[in-house]
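Enquirer:
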Amino acid sequence: MARFTLPRDIYFGKGTLDELKNLKGKKAIIVVGGGSMKRFGFLDKVVANLNEAGIETQLFEGVEPDPSVETVMKGAAAMRDFEPDWIVAIGGGSPIDAAKAMWAFYEYPDTKFEDLITPFAFPTLRTKAKFLAIPSTSGTATEVTAFSVITDYEKGIKYPLADFNITPDVAIVDPDLAETMPPKLVAHTGMDALTHAIEAYVSTLNSPFTDPLAIKAIQMVMEYLPTSYEGCTVSREQMHYAQCLAGMAFSNALLGIVHSMAHKTGAAFSTGHIPHGCANAIYLPYVIKYNSKNPVAAQRYQTIANSIGLDTVEALCHKIDDFNKRMSIPKTLKEFGINEAEFKEKLPEIAKNAIGDACTGSNPRIPTQEEMEKLFTAIYYGEDVDF
Numbered sequence: 002m003a004r005f006t007l008p009r010d011i012y013f014g015k016g017t018l019d020e021l022k023n024l025k026g027k028k029a030i031i032v033v034g035g036g037s038m039k040r041f042g043f044l045d046k047v048v049a050n051l052n053e054a055g056i057e058t059q060l061f062e063g064v065e066p067d068p069s070v071e072t073v074m075k076g077a078a079a080m081r082d083f084e085p086d087w088i089v090a091i092g093g094g095s096p097i098d099a100a101k102a103m104w105a106f107y108e109y110p111d112t113k114f115e116d117l118i119t120p121f122a123f124p125t126l127r128t129k130a131k132f133l134a135i136p137s138t139s140g141t142a143t144e145v146t147a148f149s150v151i152t153d154y155e156k157g158i159k160y161p162l163a164d165f166n167i168t169p170d171v172a173i174v175d176p177d178l179a180e181t182m183p184p185k186l187v188a189h190t191g192m193d194a195l196t197h198a199i200e201a202y203v204s205t206l207n208s209p210f211t212d213p214l215a216i217k218a219i220q221m222v223m224e225y226l227p228t229s230y231e232g233c234t235v236s237r238e239q240m241h242y243a244q245c246l247a248g249m250a251f252s253n254a255l256l257g258i259v260h261s262m263a264h265k266t267g268a269a270f271s272t273g274h275i276p277h278g279c280a281n282a283i284y285l286p287y288v289i290k291y292n293s294k295n296p297v298a299a300q301r302y303q304t305i306a307n308s309i310g311l312d313t314v315e316a317l318c319h320k321i322d323d324f325n326k327r328m329s330i331p332k333t334l335k336e337f338g339i340n341e342a343e344f345k346e347k348l349p350e351i352a353k354n355a356i357g358d359a360c361t362g363s364n365p366r367i368p369t370q371e372e373m374e375k376l377f378t379a380i381y382y383g384e385d386v387d388f
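Note that our numbering has the sequence shown beginning at 2, numbered continuously upward.
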């Protein structure tokens with residue numbers, strides 16, 4: 002038996018932030034990241050719309066990029082003090098991901114973080130609150146997914162939390178928020194969305210329900226990401242929808258080792274944090290070549306290539322390389338700036354951690370320790386993947 006789960010309602014289009022005026026409830030805690038949502042007036046609008054709906058609000062501000070376990074615990078404590086019946090998260094993937102984890106500890110204070118690391122092991126939520134997500138970036142699609150990524154900085158590891166319980170009840174996909182993104186963020190989040198869609202399509206858990214969403218998202222990203230990067234507002238809007246489609250696909254089909262590798266290297270090196278979307282963009286063409294040794298995966302990559310007017314999987318990889326170059330994304334970890342000595346020292350550990358990541362299980366090929374180390378090495382130096 003398979004399962005396909007989406008939010009109860011998805012509101013999309015310019016100005017849909019005003020749908021908050023129709024929300025039914027008593028109290029809402031608003032979880033937000035840095036200052037951009039406040040600076041551009043979106044946070045004030047959220048508060049005003051909720052107040053117009055007769056809902057009392059409280060802010061939890063300052064969720065950092067790649068939210069930490071500590072921030073999650075602080076937010077859960079604030080929720081227990083305020084006792085909201087709605088959790089409203091606005092911003093990029095970080096505040097929404099953090100709020101999802103806070104939700105579990107709000108409803109179940111005795112839960113330990115370690116209890117949630119096992120995929121699909123969350124307790125039943127919605128005993129105290131429902132969840133509404135408003136994305137401001139066009140990549141993570143956490144507003145429609147059963148996933149949250151939380152970082153343990155002491156261990157240098159990102160943990161992908163997975164459970165259909167944390168799929169939001171309501172998503173408001175308003176492209177007005179995405180127009181404020183700087184170009185580098187457009188590039189990283191856009192390539193994250195492309196990775197979501199491609200990995201969902203070749204996942205061993207793909208289905209007739211997820212395939213159309215994944216293919217459509219890939220086509221839209223290929224068409225609109227370059228001009229979105231250049232600042233076209235029409236393309237920004239279409240990318241905001243494309244990433245949402247990709248999210249609906251991967252939330253149900255799951256992902257693969259591009260994400261496993263990105264999760265386990267983002268915070269691993271002292272010489273430079275690797276933004277999640279940037280890591281995905283670097284790793285994606287190498288992983289496509291690795292996975293293509295599996296004949297089923299090779300055929301599905303071929304279908305992806307054909308769907309965007311390309312003849313071969315090799316051409317698909319070249320297309321991704323071209324996108325990365327056009328948007329100033331490095332081709333290798335060495336080019337990114339990761340110290341070679343540190344890379345070699347940590348290689349066995351990050352390879353082991355990547356294999357153990359929750360996303361590895363649905364990858365078309367399950368790499369051995371030796372293969373994962375060879376793959377990371379190829380990515381570090383820009384070598385061809387022929388194994």
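Here a beta-carbon is modelled for each residue, glycine too, at the ideal position from N, C-alpha and C.
(1) What number of angstroms, rounded off, separates the C-alpha of residue 329 from the C-alpha of residue 149?
(2) Flag this pair as yes or no: are the beta carbons of residue 147 and residue 163 separated by less than 9 Å?
(3) Do you know offhand how far residue 281's Cα is from residue 38's?
(4) Tell me the residue span of the beta strand (DSSP E) that contains residue 37.
(5) Measure the Cβ-Cβ separation of residue 305 and residue 216 and say whether it is below 9 Å.
(6) Tell me which residues share the same chain as residue 340 and place their Cβ nearer than 8 Å to its Cβ, disregarding the 5 neighbours each side in the sequence.
(7) Quick one, which of 73, 321, 310 has its alpha-carbon nearest residue 286's?
(8) Within the same chain, show all residues whose beta-carbon is closer than 8 Å to that of residue 298, passing over the 5 residues directly before and after it, in chain order.
(9) Go through its chain and collect everything with a Cβ distance to residue 60's Cβ below 6 Å, but skip five positions before and after it.
(10) When the Cα atoms are used, what is the spatial distance from residue 253 to residue 207?
(11) For residue 181, which residues in the same chain have their Cβ closer than 6 Å to its Cβ, ignoring the five residues on either side in sequence?
(12) Short check: CB of residue 131 to CB of residue 87, under 9 Å?
(13) DSSP on residue 268, reduced to helix/strand/coil?
(14) Can you give the beta carbon distance from residue 218 to residue 247, rounded, assuming they're within the 8 Å contact cut?
(15) Tell me whether residue 2 is buried or exposed, calling it buried when 16 or more other Cβ atoms sit within 10 Å of its Cβ.
(16) Evaluate the contact criterion for the region 59-79 versus the region 94-103: three or more CB pairs, one atom per stretch, below 8 Å.
(17) So the alpha helix (DSSP H) residue 48 belongs to, where does it begin and stop?
(18) Can residue 133 and residue 172 be called in contact, C-beta distance under 9 Å?
(19) Could you work out which residue in 56, 49, 46 is closest to residue 29 when comparing CA atoms only?
(20) Quick one: using the 10 Å Cβ neighbour count with 16 as the cut-off for buried, is residue 122 buried or exposed?
(21) Report the residue from 11, 90, 13, 79 whose alpha carbon sits nearest the alpha carbon of residue 44.
(22) Could you tell me which uninterrupted beta strand (DSSP E) segments, each at least 3 residues in length, are contained entirely in the region 53-124, listed from first to last along the chain?
(23) Hey, how far is the Cα of residue 177 from the Cα of residue 191?
(24) Straight-line CA distance for residue 116 to residue 79?
(25) Taking all protein chains shown into account, decide if residue 5 is buried (16 or more other Cβ within 10 angstroms of its Cβ) or exposed.
(26) In or out: residue 277 buried (at least 16 other Cβ within 10 Å) or exposed?
Expert: Taking the structure as given:
(1) 27 Å
(2) yes
(3) 26 Å
(4) From DSSP, residue 37 is part of no beta strand (DSSP E) but of the alpha helix (DSSP H) over 37-40.
(5) yes
(6) 270, 271, 272
(7) 321
(8) 203, 292, 365, 366
(9) 31
(10) 8 Å
(11) 41
(12) yes
(13) coil
(14) 4 Å
(15) exposed
(16) yes
(17) 43-53
(18) yes
(19) 56
(20) exposed
(21) 90
(22) 57-61, 87-92
(23) 16 Å
(24) 21 Å
(25) exposed
(26) buried
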